[in-house]
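Mapping of the sequence shown onto my numbering: position 169 corresponds to residue 233, and the numbering continues sequentially without gaps.
Quick reminder that beta carbons are idealized off the backbone N, C-alpha and C, glycines included.
Working notes, structure below.
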Amino acid sequence: MTFSLTRIAPTPSGFLHLGNAYSFLVTKALAEKHGTKILLRIDDLDRERFRTEYVEDVFETLDFLEIKIDQGPKNLREFETEWSQIHRMEKYRETLAKLKASRKVFACDCSRKKIQQLDPSGYYLGQCLERRLSLEKPEVAWRMDTSESDFLHFMEYPDQQKSALIQQDSMFYMVRKKDGLPSYHLSSLVDDLHFGVDLIVRGNDLFPSSLAQLDLARNLDLEKFSQITFHHHSLIRGPKQEKLSKSDGATSIQFLRKEGKKLTDIFEILGKLAGTGEQVTSFEEFKSTIKI
65 MTFSLTRIAP TPSGFLHLGN AYSFLVTKAL AEKHGTKILL RIDDLDRERF RTEYVEDVFE
125 TLDFLEIKID QGPKNLREFE TEWSQIHRME KYRETLAKLK ASRKVFACDC SRKKIQQLDP
185 SGYYLGQCLE RRLSLEKPEV AWRMDTSESD FLHFMEYPDQ QKSALIQQDS MFYMVRKKDG
245 LPSYHLSSLV DDLHFGVDLI VRGNDLFPSS LAQLDLARNL DLEKFSQITF HHHSLIRGPK
305 QEKLSKSDGA TSIQFLRKEG KKLTDIFEIL GKLAGTGEQV TSFEEFKSTI KI
C-alpha cells in the first residue's frame with residue numbers, strides 16, 4: 065500500500081491545541097510508514113477569525129513537533145504570497161458555477177439563531193428548499209439539496225471499503241457562505257484534488273464532513289475523490305472527557321511551551337489523554353501506541 069501525498073490542513077482561527085498536535089503526529093506517523101509526502105495547506109477562508117499570529121503559530125508548532133513539510137509554505141511570507149486559499153479563488157468560483165448550472169443548489173437566508181428556533185437539535189433540515197429564493201439575492205448562502213442523496217462509497221484506512229448515507233448534521237450542507245466565499249466543504253474538496261492528495265487523515269468528529277465532501281464530489285462528477293483513502297482517528301479528550309478546542313487556551317501548544325513544557329512533555333501528556341496506559345516520551349513510542 066502506497067500513498068503519494070497526505071496533508072496537514074489547520075484553520076488559522078486560534079492557537080493550535082493538543083488535539084491538533086495529536087492529529088498532526090498521526091499524519092506524520094502514517095506518512096513515514098508509507099513513504100508519503102506531507103502537504104501543508106492552511107485553510108484561511110474564515111476571514112472573520114483569521115489572524116496572522118495564528119498562521120505564525122502553525123509554523124512554530126510544526127517546527128516544535130519536528131514535523132517536516134514536503135510541500136507548501138515554509139513561513140508567513142510564502143503563505144501570503146503563494147499558498148493562501150485566496151490565490152485559488154478562481155477554481156472555487158468555477159466549481160460554484162458548475163453547481164449553479166446543475167440546479168442542485170438552493171439559496172438559504174437562515175441565521176444560526178433561526179435554525180435553532182426551527183429545530184432544537186440545531187440541524188438544518190432544508191427549510192428554504194421550497195422557498196425558491198434567488199441565488200443572486202444578497203446575504204444568502206448556497207446549500208446542496210441532499211434530499212435524494214444515496215449511499216456514499218469510500219476507502220477507510222488501511223483497506224476497508226465502506227458505505228454510508230450522509231448524516232443528519234451534514235444534510236443540506238453549505239457550498240457558498242453568505243459573504244460569497246466558498247464553504248469549507250467546497251474549498252477542501254477542490255484543494256485536495258488540486259494538489260493530488262490521496263490520503264486524508266482526520267479526527268472521527270469530521271466523519272460527517274468526509275461524507276458531505278464525497279457527496280459533493282459525486283454531484284460534480286469528480287470520481288477521483290472517491291478513490292482517496294480516509295483515516296478517521298479517535299479523538300483525545302480533556303480530563304473531564306471534554307472535546308479539546310481552540311477556545312480553551314490552557315490546552316494550546318503555545319501556552320504549554322510558555323509554561324516550559326518540552327517536546328517529551330507533550331508526548332507524555334498526549335499519551336495520558338489518549339488513555340494508552342503506556343509511557344510515551346518520544347515519537348517512536350507515540351507511533352507504537354497508536355498502532356497504525
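| field | Spatially closest choice to L126 from W147, L140, D107, A85, by CA coordinates | value | Numbered from 1 along the sequence shown, position 62 holds the residue referred to as residue 126. It is A85 whose Cα lies nearest to the Cα of L126.
| request: Drop a sphere of 10 angstroms on the beta-carbon of K178, count the other beta-carbons inside from all chains shown, and report buried for 16 or more, exposed for fewer. | output: Within the sequence shown, the letter at position 114 stands for residue 178. By the Cβ neighbour-count rule, K178 is exposed, with fewer than 16 other Cβ atoms within 10 Å of its own.
| query | Buried or exposed: which applies to S68, given that a residue is buried once 16 or more other Cβ atoms fall within 10 Å of its Cβ? | reply | By 1-based counting over the sequence shown, the position of residue 68 is 4. Label assigned to S68: exposed.
| request: Please say whether I300 and A338 have beta carbons closer to each other than 7 angstroms? | output: Looking up residue 338 in the sequence shown gives position 274. Looking up residue 300 in the sequence shown gives position 236. The answer is yes: Cβ separation under 7 angstroms.
| Between which two residues does the beta strand (DSSP E) harbouring I131 extend? | Translated into positions along the sequence shown, residue 131 becomes position 67. From DSSP, I131 is part of no beta strand (DSSP E); its letter is neither H nor E.
| message | If the criterion is Cβ atoms closer than 7 angstroms, does the pair N283 and K97 meet it? | response | Within the sequence shown, the letter at position 219 stands for residue 283. Within the sequence shown, the letter at position 33 stands for residue 97. No. Outside cutoff.
| field | Pair within 7 angstroms by beta-carbon distance, D134 and I102 | value | In the sequence shown, the residue the question calls residue 134 occupies position 70. In the sequence shown, the residue the question calls residue 102 occupies position 38. Yes, the pair counts as a contact, with Cβ atoms nearer than the cut-off.
| Leaving out five residues before and five after V344 in sequence, what residues of the same chain have Cβ atoms less than 7 angstroms from its Cβ? | Taking the first residue of the sequence shown as position 1, residue 344 is located at position 280. Answer for V344: F331, E332, L334, G335, F350, T353, listed in chain order.
| Smallest Cα separation from E203: which of F79, T159, R176, K241? | Taking the first residue of the sequence shown as 1, we reach residue 203 at position 139. By alpha-carbon distance to E203, the top candidate from F79, T159, R176, K241 is K241.
| Are there 16 or more other CB atoms within 10 angstroms of the CB of M235, so buried, or fewer, so exposed? | As a working note, residue 235 is residue 171 in the sequence shown. Result: buried.
| request: Decide if T166 is buried, meaning its Cβ has at least 16 other Cβ atoms within 10 Å, or exposed. | output: Looking up residue 166 in the sequence shown gives position 102. Residue identity check: residue 166 is Ser in the sequence provided, not Thr. Exposed, by the Cβ-count rule.
| field | S346: first and last residue of the uninterrupted alpha helix (DSSP H) it sits in | value | Reading the sequence shown from its first residue, position 282 is the one you call residue 346. Neither: S346 is in no alpha helix (DSSP H) and is coded neither H nor E.
| Length of the line joining the Cα atoms of T91 and L197 | As a first step, residue 91 is located in the sequence shown; it is residue number 27 there, counting from the start. As a first step, residue 197 is located in the sequence shown; it is residue number 133 there, counting from the start. Between the alpha carbons of T91 and L197 lies a distance of about 42 angstroms.
| query | Is the stretch 265-272 close to the stretch 284-299, with three or more CB pairs under 8 angstroms? | reply | yes
| message | Distance check for K162 and D279, CA to CA, integer angstroms please. | response | For this step, residue 279 is matched to residue 215 along the sequence shown. For this step, residue 162 is matched to residue 98 along the sequence shown. Approximately 15 angstroms between the Cα atoms of the pair.
| task | Assign T100 to one of two classes, buried (16 or more other C-beta atoms within 10 Å of its C-beta) or exposed (fewer than that). | result | One-based indexing of the sequence shown puts residue 100 at position 36. Answer is buried; the Cβ neighbour count reaches 16.
| task | Would you kindly work out how many angstroms separate the C-alpha atoms of I317 and V239, rounded to a whole number? | result | In the sequence shown, the residue the question calls residue 317 occupies position 253. In the sequence shown, the residue the question calls residue 239 occupies position 175. So the alpha carbons of these two residues sit roughly 32 angstroms apart.
| Run through DSSP, which three-state label would V122 get? | Position 58 of the sequence shown, counted from the start, is the residue given in the question as residue 122. DSSP places V122 in helix when its eight states are reduced to three.
| query | Does the Cβ-Cβ distance between K201 and A228 come in under 7 angstroms? | reply | By 1-based counting over the sequence shown, the position of residue 201 is 137. By 1-based counting over the sequence shown, the position of residue 228 is 164. In this structure, K201 keeps its C-beta atom at 7 angstroms or more from the C-beta atom of A228.
| Under the three-state reduction of DSSP, which class applies to S204: helix, strand or coil? | Here the question's residue 204 lines up with position 140 in the sequence shown. Contrary to the premise, residue 204 reads as Val rather than Ser in this sequence. The three-state secondary structure of V204, taken from DSSP, is coil.
| said: Which of the three DSSP states is assigned to L80 in this structure? | reply: Indexing the sequence shown from 1 puts residue 80 at position 16. Coil, per DSSP.
| field | Same chain, Cβ closer than 8 angstroms to E146, five either side skipped, listed in chain order | value | By one-based count along the sequence shown, residue 146 stands at place 82. Cβ within range, chain order: P137.
| query | Which residues in the same chain have their Cβ closer than 7 angstroms to the Cβ of V387, if we skip the five residues on either side of it in sequence? | reply | What is shown of the chain runs 65 to 356, which leaves residue 387 out entirely.
| field | Where G45 falls, given that 16 or more other Cβ within 10 Å makes a residue buried | value | The question about residue 45 has no answer, for the chain in this structure spans 65 to 356.
| task | Return the CA-CA distance between E120 and E212, expressed in angstroms with no decimal places. | result | Translated into positions along the sequence shown, residue 120 becomes position 56. Translated into positions along the sequence shown, residue 212 becomes position 148. Approximately 43 angstroms, taken between the alpha carbons.
| message | Can you tell me which residues form a DSSP beta bridge with K322? | response | For the purposes of this step, residue 322 is taken as the residue at position 258 of the sequence shown. When beta bridges are read from the DSSP output, K322 appears opposite no residue.
| said: Using 7 angstroms as the threshold, is the C-beta distance between Y187 and Q232 below it? | reply: Taking the sequence shown and counting its residues from 1, one reaches residue 187 at position 123. Taking the sequence shown and counting its residues from 1, one reaches residue 232 at position 168. Taking 7 angstroms as the Cβ cut-off, Y187 and Q232 qualify as a contacting pair.
| query | According to DSSP, is R196 helix, strand or coil? | reply | The residue given as residue 196 occupies position 132 in the sequence shown. If DSSP states are grouped into helix, strand and coil, R196 belongs with coil.
| query | Going straight from the alpha carbon of R361 to that of G78, what length do you get? | reply | Since the displayed the chain opens at 65 and closes at 356, residue 361 lies outside it and no answer follows.
| query | Is the Cβ of S290 closer than 7 angstroms to any Cβ of chain B? | reply | Structure shown: chain B not included; a single protein chain is present.
| message | Here's the rule: buried if 16 or more other CB atoms are within 10 angstroms of the residue's CB, otherwise exposed. What is M65? | response | By 1-based counting over the sequence shown, the position of residue 65 is 1. With fewer than 16 other Cβ atoms within 10 Å, it is exposed.
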